[in-house]
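Heads up: the structure comes next, in structure tokens.
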Amino acid sequence: MDAAALTPECVEPLDGRLVQLLHQDASAEVFAQVLAQTEALPEGTPGKSAQTELVRMAMAVRNRLELLQQREQGMLAVIESAQDLSSRLNHTSLLRAIVSKARNLLGSDLAWLTTHDAERGEFHVVVAEGALSRSVTDMAARSDRGVVSVVMSTRLPFTTPDYLHDRRFPHDGRLDDTFRDEGITALVGVPLIWDGEVIGLLFVADRYHRVHTAQSISILCTLATHAAVALRNARDFERASDALAKADAARAELERHLRSIQAAADAHEQMTSLLSRGASLSTLCGAVAQLLGGSLLVLDEAAQVIARGSAESYVGDAAQRYAPHGEHSTDVARALRLSRQTGRSVQAYEVGDERCRVMPVIGGDDILGSVALFHRGELEEVAVRTLERSSSVIGIVLLSQERMEANKSRAVAALLRALVSPRQDEAALMADRAARLGVDLAQPLALLLIEMDSPSAGYAARRFRAFPPQDDVLVDDIDGVLVMLCTASRAPELRLLATQWARSEMAAVHRGVVSRPISAVAEIPAVYATLRRALGVLGRMGVQGHVIGQNELALYSTLFETHDRASLQTFLDATIGAVTSHDRKRGTELAATLLCYFDCNQNAKTTAQKLGIHVNTVRQRLATLEDLIGHWGSATRALELHIALRLWDLGSPA
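The sequence shown runs 121 to 774 under this note's numbering.
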């Protein structure tokens, strides 16, 4: 209400008017007008001084009511803020709420919150509101600089109306530049304290000189206390959530591990059951492949596939494209060597998105073969263990098969050794034993001896015994040499079969000799001894990839049985060295032409027909040969050259 002019007549009702003004929550300006009017009454007016004092008392009451109202509003704001902060558990959302409440409660231009990095001794801004640039959010204040140093040393709020010119604390040049760019003048900082430690700082700032009241700072401190509690609760909640998540992950991992153990136990039980029922190698191989969800190959000691299996759901052709001597054979061999050293399976190679993991199969002290699993992606540890256990089960099956094979071949081995021994058993007894094995010793016979650098002769014997039909052939490993005894009519067939097998399947470095027909059993020991000596001659001659007839080798065995390879090479260099050197340098075929010429009784026309070239070409080559090694018109010179060329041909790779 407007304050009407006071007259002496209206002095009495002044107290009622003041009560009305207080009830209407009149402004301080209205009370000031009433006081001015009371003081303006003429001197001597009755009750002037009492009325003046009454107005002043009313003004004091009004100021106290206003202060109480401000305090009530501040407390309500703090309570509301505390409730809001306590309801937030998300770390980022909580910090934003703290800063926003601080700025709004104090009506400041900007506010930010920092958290303490104990390792670096710095406070880093994590949330800011009201800033004009990103430089405020990038601030990092040292504990011994700026307002931070004062708050950290006193653990009390600090306020300054003019930060940049305040000399009560050491300044940080980088912070001063940021405050100057942002236009910050007045600043208030209060600590967030938990268990006696400053865990953060809350700042409000203004872009003009401002002196904050004790009431404002008190409200800010109360908010900072609530914020510290809420911030710690939020962090504890996050740690609890992380711990719960880790516990859930650990429980899930434990459950997965238990399932894996159960799966491994089931797999082991299934393999054991198959083994106890006498399952075949192919059945066992298929079961393991199904368990592991891939394709499985069982390889013998020469890396030949002897069994295979594949899971019904597996799609891939890497196992079908496996070759014992293919592009990945080196990788497989290297992985198997490493696997034998570590006792664990090893990944050998990758083909597209398929991987090959190998594990040797060991029986006693011997390597019986290996298993190769083709799969996609990473194998779990339990699957790897299942593969490794399967190799032991497969080893048992292979050992069993090997014993069965040994039982079957024991009679063959005993008879063959008896036949080649200088002290033969009685002829009738041996004939009877041979007849039971399908071999007629009354027929003309033939011996075939093959020596291989790798694999072993024992492995080769087992492989040959598996080739059908072999009922009329005795095959065994005798002193590291593959020995076969058959009827003379089958000798050419066996000779071709052995050569093809060694070249194509095994890629083996081999050499061999086949005997002339043997008419009597009593001749076998002598022929066998001759062939063993012939193998030594072939080795010294460097023969590779050939199985040579005894008749072809007879002359060379007689001439060179006592020579080593060096002396043979010296002989070749002395006789036809100029020719072979010419062929190597110029890519010609003079040596082969001369050998064919001698084989054709030195007939140029027949030589041309056999080589498929013109007779004039043969004559030109012969002229070149004569320039290189001289004339061979004499029988002695021709024989020497022919022998040298035959030795050279035998020593050349097939």
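Here a beta-carbon is modelled for each residue, glycine too, at the ideal position from N, C-alpha and C. Computed from a prediction, not measured in an experiment: that's the story for all the values here.
Within the segment 251-332, the beta strand (DSSP E) runs of at least 3 residues that lie entirely inside it are, in chain order, 260-262, 278-280, 306-314, 317-326. Contact annotation: residue 712 and residue 747 have beta-carbon atoms that are not nearer than 9 Å. In the three-state reduction of the DSSP assignment, residue 648 falls in the helix class, which pools H, G and I. If you draw a straight line from the Cα of residue 480 to the Cα of residue 426, it comes to about 14 Å. The beta-carbon separation of residue 432 and residue 467, rounded to 24 Å, does not stay under the 8 Å limit for a contact. Taking residue 347 as the centre and dropping the five residues before and after it, the same chain places the C-beta of 205, 218, 312, 322 closer than 7 Å to its C-beta, in chain order. If you look at residue 460, you'll find it in the alpha helix (DSSP H) that goes 449-462. Excluding its 5 nearest sequence neighbours in each direction, residue 310 has C-beta neighbours in its own chain below 6 Å: 277, 322, 340, 341, 344, listed in chain order.
Contact annotation, residue 617 with residue 570: C-beta distance approximately 11 Å; criterion of less than 8 Å not satisfied. Rounded to whole angstroms, the gap between the alpha carbons of residue 720 and residue 727 is 6 Å. Exclusion of the five residues before and after residue 329 leaves 281, 282, 305, 306 as the residues of its chain whose Cβ lies within less than 7 Å of its Cβ. Our two residues, residue 254 and residue 232, have alpha carbons roughly 12 Å apart in a direct line. Residue state for residue 722 is assigned as coil, using DSSP reduced to three classes. In the three-state scheme derived from DSSP, where H, G and I count as helix and E and B as strand, residue 597 is classed as strand. Only residues of its own chain outside the window of five on either side were considered, and among them 692, 695, 696 have a CB closer than 6 Å to the CB of residue 764, listed in chain order. Classified as exposed, residue 734 has fewer than 16 neighbouring CB atoms from the shown chains inside 10 Å of its CB. The residues 231, 322, 324, 340, 343, in chain order, have a CB closer than 7 Å to that of residue 222 in the same chain once the five nearest residues on each side in sequence are set aside. Put simply, of 637, 632, 646 the residue whose alpha carbon is nearest the alpha carbon of residue 668 is 632. DSSP, read as helix, strand or coil, puts residue 733 in coil. Taking all protein chains shown into account, residue 514 has 16 or more neighbouring C-beta atoms within 10 Å of its C-beta and is therefore buried.
Closest in alpha carbon position to residue 672, among 688, 651, 364, is 651. Distances from the alpha-carbon of residue 424 to those of 511, 449, 298, 371 put 449 closest. Per DSSP, reduced to three states, the secondary structure at residue 578 is helical.
The residue from 165, 172, 163, 167 with its alpha-carbon nearest to that of residue 153 is 172. Taking C-beta atoms under 8 Å as the contact rule, residue 487 and residue 389 fail to qualify, at a distance of about 27 Å. Taken atom to atom, the span from the alpha-carbon of residue 263 to that of residue 274 is near 12 Å. As summarised for the segment 748-774, the continuous alpha helix (DSSP H) elements at least 4 residues long and confined to that stretch are 755-771, given in chain order.
Residue state for residue 346 is assigned as helix, using DSSP reduced to three classes. One alpha carbon belongs to residue 156, the other to residue 189, and they sit about 26 Å apart. Secondary structure at residue 558: coil, using DSSP grouped into helix, strand and coil. The three-state secondary structure of residue 434, taken from DSSP, is coil. One Cα belongs to residue 354, the other to residue 213, and the distance between them is close to 10 Å.
Three or more beta-carbon pairs separated by less than 8 Å are not found between the segment 495-512 and the segment 559-570, which leaves the two stretches without contact. For residue 407 and residue 429, the gap between their C-alpha atoms comes out near 8 Å. When DSSP states are grouped into helix, strand and coil, residue 717 belongs to the helix group. If you draw a straight line from the Cα of residue 338 to the Cα of residue 319, it is about 19 Å long.
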